[in-house]
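Here the structure comes first, spelled out in structure tokens, and everything after it is commentary.
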Amino acid sequence: MKRIVTIQDISCVGKCSLTVALPIISATGVEAAIIPTAVLSTHTMFKNFTCKDLDDQILPIAKHWKDENITFDAFYTGYLASAAQIDKVISLIESLKRENDLVIVDPAMADNGKLYPAFDENFPAEMARLCAKADIVLPNITEACFMTGTPYKEEYDEAFAKDIMKKLAASGAKKVVLTGAQFTGEYGVMLYDSESGEFFRYRQEKINAAFHGTGDIFSSAFTGLLVSGKPIEESIKIAADYTAECIRITKNDENSNWYGVDFERAIPYLIEKIK
Ligand code: PXL
165 MKRIVTIQDI
175 SCVGKCSLTV
185 ALPIISATGV
195 EAAIIPTAVL
205 STHTMFKNFT
215 CKDLDDQILP
225 IAKHWKDENI
235 TFDAFYTGYL
245 ASAAQIDKVI
255 SLIESLKREN
265 DLVIVDPAMA
275 DNGKLYPAFD
285 ENFPAEMARL
295 CAKADIVLPN
305 ITEACFMTGT
315 PYKEEYDEAF
325 AKDIMKKLAA
335 SGAKKVVLTG
345 AQFTGEYGVM
355 LYDSESGEFF
365 RYRQEKINAA
375 FHGTGDIFSS
385 AFTGLLVSGK
395 PIEESIKIAA
405 DYTAECIRIT
415 KNDENSNWYG
425 VDFERAIPYL
435 IEKIK
């Protein structure tokens, strides 16, 4: 069985980061090991959340795994609580990664032109150092702009999206998967493969609703599918369709929560697509 280690916070309530990565990776038929980098009472879109940084655990955990010869087919990182954590995550990957293991980085730190509340303006440059070590990075357009020092634009065209993906790849990431890519009236996910120089675009119907945690849902499904053996384009399509289904179900439920999507009710849809 393939095994992923996912390294991100645990927001006890909020349907994001580890509370979605674990069930979704499991649903793709891949073992999910975790490193919780911080424990928060909720995600940071709630007011007055608590946060206990666990970064002193990262390297001792890595050492124990090394001593036990525990290996991973992929290292998948999401929301990280501080610049100091990024250095530790880089050390962990350097210590445990074998030649063909994948490093997949979702630089979860910003959306809609703004950094999440816990980060200052220096954080994107730190996250860019981790992205430089990745086989695949999974930014949205805001994160891609922040990491490349490009002014954020709400409206942009294909040339802008392609240019920003190339810039990210130039700093080290081999493949860039840009989520929420929207231009010329079409919505979807783009892929840039810096080794072949080719682009791929998966178009989706834009659903008129925005919820927290959807980036984490896409990234978790994409990573599970890819590591389970699906080609990258198919992993993008299924993960994007699954995310859209989560949003559709949540939008149509008048009793849904504001803080996340009902990804649980779409798990049968994901499993059906994998068959
Ligand atoms: O969904 C990304 C995410 C992950 N973890 C925490 C967050 C957020 C987004 O706000 O606050 C703690």
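Note that the working numbering gives residue 424 to position 260 of the sequence shown, counting from 1, and the numbers run on in steps of one.
For glycine and all other residues, C-beta sits at the position ideal for the given N, C-alpha and C.
Please read all numbers here as calculations on a predicted model, not as lab measurements.
Proximal residues to residue i (C-beta, below 6 Å), its chain only, five neighbours per side dropped
| i | result |
| --- | --- |
| tyrosine 240 | Ile168, Thr170, Ile268 and Thr387 |
| phenylalanine 364 | Leu355 and Glu397 |
| phenylalanine 213 | Leu204, Ser205 and Thr206 |
Under the three-state DSSP convention, the category residue i falls into
| i | result |
| --- | --- |
| lysine 278 | strand |
| alanine 308 | helix |
| leucine 302 | coil |
| alanine 385 | helix |
| glutamate 285 | coil |
| aspartate 173 | strand |
| cysteine 410 | helix |
| aspartate 426 | coil |
| proline 224 | helix |
| aspartate 321 | coil |
Within 8 Å, strictly: CB atoms of residue i and residue j
| i | j | result |
| --- | --- | --- |
| threonine 206 | serine 175 | yes |
| valine 391 | alanine 238 | yes |
| phenylalanine 310 | alanine 274 | yes |
| serine 384 | isoleucine 188 | yes |
| valine 425 | glycine 393 | no |
| leucine 342 | proline 395 | no |
| tyrosine 280 | glutamine 172 | no |
| aspartate 380 | alanine 185 | yes |
| glycine 352 | alanine 404 | yes |
| lysine 216 | alanine 202 | yes |
| alanine 408 | isoleucine 438 | no |
Residue i versus residue j: straight-line alpha-carbon distance, rounded
| i | j | result |
| --- | --- | --- |
| glutamine 447 | tyrosine 320 | An answer regarding residue 447 cannot be provided, because it is not within the stretch 165 to 439 covered by the chain. |
| proline 200 | leucine 182 | 7 Å |
| isoleucine 435 | arginine 367 | 21 Å |
| leucine 230 | glutamate 258 | Looking at the sequence shown, residue 230 is not leucine but lysine. Roughly 11 Å between the two C-alpha positions. |
| asparagine 416 | asparagine 276 | 23 Å |
| phenylalanine 210 | tyrosine 316 | 25 Å |
Contacts around residue i, its chain only, beta-carbon distance under 7 Å, and the 5 residues preceding and following it disregarded
| i | result |
| --- | --- |
| serine 190 | Ala196 |
| methionine 291 | Ile250, Pro271, Met273 and Met311 |
Residues of its chain near residue i, where Cβ-Cβ distance is below 8 Å and the 5 sequence neighbours each way are ignored
| i | result |
| --- | --- |
| lysine 338 | Ala298, Asp299, Ile300, Asp357, Ser358 and Glu359 |
Runs of beta strand (DSSP E) wholly within the stretch 324-383 (minimum 3 residues, chain order): 339-347, 350-357 and 362-368
Residue ranges of each alpha helix (DSSP H) within the stretch 227-262, 4 or longer: 247-260
Enumerated in chain order, which unbroken segments of the beta strand (DSSP E) with a length of 3 residues or greater are wholly contained in the stretch 173-207? 195-206
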